[in-house]
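Take a look at the structure below.
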Amino acid sequence: MSKHKTYDVLVVGAGVFGAWTALQLARRGQSVLLIDAYGPGNSRASSGGESRIIRMGYGADELYTRWATRSLVRWKELLAETMGSPVLFYKTGVLWLGSKEYPRLKEMTAVLTRCKVPFESLSSSAIAQRYPQFSSRDLNSGILETESGVLMARRAVWEVAECAVSLGVDYRQAQVTPPFEGQTRGGSIAAISTSGGERISAGQFVFACGAWLGKIFPEILGPRIFPSRQEVFFFGVPPGNNQFSAQALPTWLIQADEVYGMPDLEARGFKIAFDSHGQRVDPDMQTRVVSAESIERVRAYVAKRFPVLANSPIVETRVCQYENTSNGDFLIDRHPQMNNVWFAGGGSGHGFKHGPAFGEYVAQQILDGGPAEPRFALANKAMEQKRAVY
Ligand SMILES: Cc1cc2nc3c(=O)[nH]c(=O)nc-3n(C[C@H](O)[C@H](O)[C@H](O)COP(=O)(O)OP(=O)(O)OC[C@H]3O[C@@H](n4cnc5c(N)ncnc54)[C@H](O)[C@@H]3O)c2cc1C
33 MSKHKTYDVL
43 VVGAGVFGAW
53 TALQLARRGQ
63 SVLLIDAYGP
73 GNSRASSGGE
83 SRIIRMGYGA
93 DELYTRWATR
103 SLVRWKELLA
113 ETMGSPVLFY
123 KTGVLWLGSK
133 EYPRLKEMTA
143 VLTRCKVPFE
153 SLSSSAIAQR
163 YPQFSSRDLN
173 SGILETESGV
183 LMARRAVWEV
193 AECAVSLGVD
203 YRQAQVTPPF
213 EGQTRGGSIA
223 AISTSGGERI
233 SAGQFVFACG
243 AWLGKIFPEI
253 LGPRIFPSRQ
263 EVFFFGVPPG
273 NNQFSAQALP
283 TWLIQADEVY
293 GMPDLEARGF
303 KIAFDSHGQR
313 VDPDMQTRVV
323 SAESIERVRA
333 YVAKRFPVLA
343 NSPIVETRVC
353 QYENTSNGDF
363 LIDRHPQMNN
373 VWFAGGGSGH
383 GFKHGPAFGE
393 YVAQQILDGG
403 PAEPRFALAN
413 KAMEQKRAVY
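Sequential numbering of the sequence shown, starting at 33, is according to the numbering used here.
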């Protein structure tokens, strides 16, 4: 491919959002270049984790339930196309646990019913009987999404990127550096440069740069994207114990505790993480080694909720970052001064599952225009965090 080709669209960032955007644009006949500084689903990226929960429940928030439902169909279709079957998706079921008084479970029941998402409601005795692994006396209500589960995340991103390349997308490992050529107030840009000194022209530019968005657009997005440090732990299960296998334990979330976890998939161990936001971090430089305080905290939690694992070793850890907007809604909008530059991010700790619908929406906005979802607009991104989407 000539270095001087002008692409229809240049997508910066090959995480789940950029890879799906490139793929959807290619499916619609666009010539696309996908660029990433470190590689698709790399270890610094939010999409670089081993696994991500694919759940449909969002409390009363029907928009994300509908996007998740549509996306799961697309994920399975893509994996079937590229791998012969959706092997990177584990239908573990997703179990929400809470107390009867917790309004979110009630609201979720209504939305899941309306959106025809299969689920079972569980009483406290059913929870105790089916899942003796949990110490669950305070959890007297449950919803089990029976068709939901887990995607093996970084490998799934590779599949999307490879599929995009097979459809003609060019991929390049390079870091895009501001300022942008031809940058004018109220105008458009003609090209971007890379840290290697290359100049690349395109008609439209999509920045799907996750937690890096604030570094690339410091004035506009620096105060509106809040990258938070998130630590993930895998506990080794006792030898010969099947209680934590995917047959015995679904993926689970206890929102009152701000904790979620997964069964022992691919023998990596029982995964557990806190969903509360950690300290603000720089995605290039933050250390990927977990802290002693977090180890202590997670050990105390596991001993309380999963007594069988109280003395189990931590067999793997991961450190990642969420790329939060003020309230957790995505950011998909044009740059206010450069009309062919698009922001595409703000996954806010829940974006992975939505990759297909996200890419479809970005492609539609660029190619067809049409009504934009106000919740994704830059104008609705505040400079103070008040999380509302979980
Ligand atoms: C610990 C953790 C658990 C999570 N759990 C879930 C879950 O269970 N379910 C769920 O749905 N979601 C979950 N999420 C959220 C989800 O993973 C993210 O919302 C999603 O991966 C964001 O993808 P992205 O493409 O926006 O960003 P990223 O994956 O971070 O991709 C951005 C890419 O841009 C590239 N880039 C940045 N700057 C430049 C530049 N200047 N030039 C070139 N390339 C550049 C980076 O290298 C990177 O690859 C979780 C996130 C974390 C961290």
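We treat Cβ as the ideally placed atom computed from N, Cα and C, and that holds for glycine.
beta-carbon residue i near ligand 3 non-hydrogen atom, thresh 7 angstroms
i    : result
N356 : Although ligand 3 was asked about, the structure shown includes only ligand 1 as ligands.
Three-state secondary structure assigned by DSSP to residue i
i    : result
Q353 : strand
Y203 : strand
A234 : strand
E139 : helix
S34  : Residue confidence for S34 is low, a pLDDT of 46 falling below 50, so the modelled location carries little weight; the figure read from the coordinates is stated next. In this structure, S34 counts as coil in the three-state DSSP scheme.
G219 : strand
Y90  : strand
M317 : coil
G387 : helix
V48  : helix
A332 : helix
R60  : coil
F239 : strand
K108 : helix
Closer than 7 angstroms: residue i CB and nearest ligand 1 heavy atom
i    : result
T54  : Looking at the sequence shown, residue 54 is not Thr but Ala. No, Cβ of A54 sits at least 7 angstroms from all heavy atoms of ligand 1.
I252 : no
Y70  : yes
C195 : no
N74  : yes
A77  : yes
Q207 : yes
F302 : no
A278 : no
I248 : yes
F49  : yes
A243 : yes
A409 : no
H382 : yes
K385 : yes
R84  : yes
Q417 : no
I398 : no
C352 : yes
A240 : yes
V192 : no
G81  : yes
Other residues of its chain near residue i: CB distance less than 7 angstroms, five sequence neighbours each side excluded
i    : result
A278 : Y122, T124, P295, L297
Own chain, CB closer than 8 angstroms to residue i, minus 5 neighbours either side, in chain order
i    : result
I221 : F212, E213, G214, Q215, F237, M370, N372, V373
G402 : Q396
A414 : R256, S358, N359
Nonlocal neighbours in the same chain, by C-beta distance under 6 angstroms from residue i, ignoring five residues either side
i    : result
M33  : Residue placement at M33 is poorly supported in this model, since its pLDDT is 44, which falls under 50; the coordinates still yield a value, given next. Once the five neighbours on either side are set aside, the close Cβ partners of M33 are D202.
M184 : S83, L120
Y96  : Y90
A389 : W99, R102, S103
R407 : D361
8 angstroms Cβ cutoff, residue i in contact with chain B
i    : result
Q161 : Looking at the structure shown, chain B is missing, and only one protein chain is on hand.
Bridge partners - residue i, DSSP secondary structure assignment
i    : result
S153 : I175
M415 : The partner list for M415 (beta bridge, DSSP) is empty, contrary to what the question assumes.
E263 : V351
S380 : DSSP, once it has assigned bridges, lists no residue as partnering S380.
D365 : F375
A278 : According to DSSP, which records beta bridges pairwise, A278 is partnered with nothing at all.
I346 : F267
D68  : Q205
L183 : R84, F121
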